[in-house]
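S.K.:
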């Protein structure tokens, strides 16, 4: 595809100026309308070295209000960024609703530069491309506009531009050694780019190839394309009826039920509990040091009915852990800032770095439980979320994370007993709210939603562990011993 591009395209100065008289006010107006419609926009500039990305980005943003956009220049990963999945740092730089972010190089450097430097195996390259496509689909499904440009120049033109910079003392600093290497191996680099384009082309985030030999031609093509895509996005938003909140969840039991077959009578004596608890906490203390040494990230998600014992289990889990190596993240309803982003943004940005533990007291699964049942998202959104959650966890697992998800199950009578205990005990009254009682009224709806969640999102790389939690002693031991066994196995496999 790239080798057949006609790179001698050009535009006269007069024609360029005439076109800009229309395009500049058009883009300015589109930016205002996008802000009002709360549509986030991501514009990526990739391409060959010396193709003029910086100059062309300047041309594009000259038509916009600087208060409404950010330009993000992507450098090589920092040491901290290397301790996370490669997409983590880009989640942190995504635009909020109504804003435009322009990337001077982006997540595509993972699948361009690393293969060129022989730092990415063919299998890992395939996985990274799949993760990128999944990432872009997830964002565009949530109404983000993604525009991707690949700037193309010939080998001869690239070499000429490099020489023009290196021949002058005041500009030679701008040339990096890797850019000279790319020109020396132009055809191999071009083939890597070609493979990247073919593996990441999609209907929801297509590539636009820009013939960048002539600056005016390239700038006009980019600005016209951006204007066309933004106009189409606004028209779609104006003509598409808003997503309807989900109707009340059907409380009919599923044909296959995980919760239905549970034996909630399992219990432990206090004596046995004390012996096993002391042993497993000491074991976890040692394992915590080992996962830091092996640089294994660990993600633990705790879900369950209100008063099922999540907080008590987390308290026992962390008792002997080094507080510098873990963080407990309580999850409540999204705040005003978090609502400006994709619903997974607030979780992605808090994932642990290598060697650390993130403990989520409630998690991203609220999308397919409380948000589904309470009508905080549409049916289309929560049904789509099963795939999105699995793909997110697979990305984390591909990076090497250990992921365990616990569902703590109690019966309705036990929950009522615990609610009453909280109401009658002054130091526990803060734990009980009117919302807890309202949720109890929807017990059957939650049961159906939880069963579906467990069936559709328990995977080999991020399994659900369903915990019989009527007896707190039994549930705490099961959780801590499961974590210890899993960490022990992960350490032995590294």
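Numbering (our numbering), first residue to last: 65 to 558. We put the beta carbon where it would ideally sit given N, CA and C, even for glycine.
#1: Report the option in 245, 368, 372 whose CA atom is closest to the CA atom of residue 429.
#2: The beta strand (DSSP E) with residue 390 in it runs from where to where?
#3: Relative to the C-alpha of residue 559, which candidate in 486, 321, 329, 320 has its C-alpha closest?
#4: Tell me which residue opens and which closes the alpha helix (DSSP H) that residue 403 is part of.
#5: Rounded to whole angstroms, what's the CA-CA distance from residue 177 to residue 474? Just pull it up for me.
#6: Is it right to say residue 333 is buried, meaning 16 or more other beta carbons lie within 10 angstroms of its own, or is it exposed?
#7: Cβ of residue 206 versus every heavy atom of the ligand GDP: is any distance shorter than 8 angstroms?
#8: Roughly how many angstroms separate the alpha carbons of residue 496 and residue 302, rounded to a whole number?
#9: Starting from the Cα of residue 505, find the closest Cα among 491, 480, 519, 490 and give me that residue.
#10: Distance, Cα to Cα, residue 161 vs residue 271?
#11: Name the DSSP bridge partner or partners of residue 424?
#12: For the beta strand (DSSP E) that contains residue 177, what are its first and last residues?
#13: I want to know whether the region 392-406 touches the region 416-431 - three or more CB-CB distances under 8 angstroms.
#14: Can you tell me whether residue 236 is buried or exposed? The criterion is at least 16 other CB atoms within 10 Å of its CB, across all chains shown.
#15: Enumerate in chain order the residues of its own chain whose CB-to-CB distance from residue 298 is below 8 angstroms, with the five nearest sequence positions on each side excluded.
#16: Cβ of residue 558 within 9 angstroms of Cβ of residue 251?
#17: How many angstroms separate the CA atom of residue 219 from the CA atom of residue 407?
#18: Within a Cβ cutoff of 7 angstroms, which residues of the same chain sit near residue 285, ignoring the five residues on either side of it in sequence?
#19: Where does residue 261 fall in DSSP's three states?
#20: Please state the DSSP three-state secondary structure of residue 164.
#21: Identify whether residue 102 lies in helix, strand or coil by the three-state DSSP scheme.
#22: With DSSP collapsed to three states, give me the class of residue 256.
#23: In the DSSP assignment, find the unbroken alpha helix (DSSP H) run with residue 287 in it and report its ends.
#24: Within the continuous alpha helix (DSSP H) that includes residue 479, where are the two ends?
#25: Of the choices 465, 148, 343, whose alpha-carbon is the least far from that of residue 364?
#26: Quick check on this structure: which residue in 86, 555, 82, 69 has the alpha carbon closest to the alpha carbon of residue 356?
#27: Taking one C-beta from the region 204-211 and one from the region 75-85 each time, how about it: are there three or more such pairs within less than 8 angstroms?
#28: Rounded to the nearest angstrom, what separates residue 233 and residue 247 at their Cα positions?
#29: By the DSSP assignment, the alpha helix (DSSP H) with residue 446 in it spans what residues?
#30: In chain order, what residues of the same chain lie with their CB nearer than 8 angstroms to the CB of residue 323, ignoring the 5 residues before and after it?
#31: Under 9 angstroms between the Cβ atoms of residue 91 and residue 290?
#32: Is it a yes or a no for the region 375-384 touching the region 440-454, going by three-plus beta-carbon pairs under 8 angstroms?
#33: In this structure, how does DSSP classify residue 134 when only helix, strand and coil are distinguished?
#34: For residue 113, which residues of its own chain have a beta-carbon under 6 angstroms away from its beta-carbon, when the five flanking residues on both sides are left out?
#35: Between 158, 525, 342, which lies nearest to residue 402 when the distance is taken from Cα to Cα?
#36: Are the CB atoms of residue 138 and residue 211 within a distance shorter than 9 angstroms?
M.R.: The answer reads as follows:
#1: 368
#2: Annotation: the continuous beta strand (DSSP E) that includes residue 390 extends over 390-394.
#3: Residue 559 falls outside the range modelled here, since the chain spans only 65 to 558, and no answer is possible.
#4: Counting along the chain, residue 403 falls outside any alpha helix (DSSP H), and DSSP gives it neither H nor E.
#5: Taking C-alpha positions only, residue 177 is separated from residue 474 by approximately 51 angstroms.
#6: Exposed, by the Cβ-count rule.
#7: Here there are no bound small molecules, and the ligand GDP is not part of this structure.
#8: 43 angstroms
#9: 480
#10: 23 angstroms
#11: 365, 393
#12: For residue 177, there is no enclosing beta strand (DSSP E); the enclosing alpha helix (DSSP H) covers residues 177-180.
#13: Result yes; three or more Cβ-Cβ pairs closer than 8 angstroms.
#14: The residue in question, residue 236, is exposed, as its Cβ has fewer than 16 Cβ neighbours within 10 Å.
#15: 94, 97, 98, 101, 103
#16: no
#17: Straight-line Cα distance between these residues: approximately 43 angstroms.
#18: Here the set comprises 274.
#19: Of the three classes helix, strand and coil, the one that applies to residue 261 here is helix, per DSSP.
#20: strand
#21: coil
#22: Correct three-state label for residue 256: helix.
#23: 279-303
#24: Unbroken alpha helix (DSSP H) run through residue 479: 476-488.
#25: 465
#26: 555
#27: no
#28: 21 angstroms
#29: Element bounds for residue 446: 443-462.
#30: 473, 511, 514, 515, 518, 530
#31: yes
#32: Verdict: no, contact absent.
#33: strand
#34: Hits under 6 angstroms: 243, 246.
#35: 158
#36: No. Outside cutoff.
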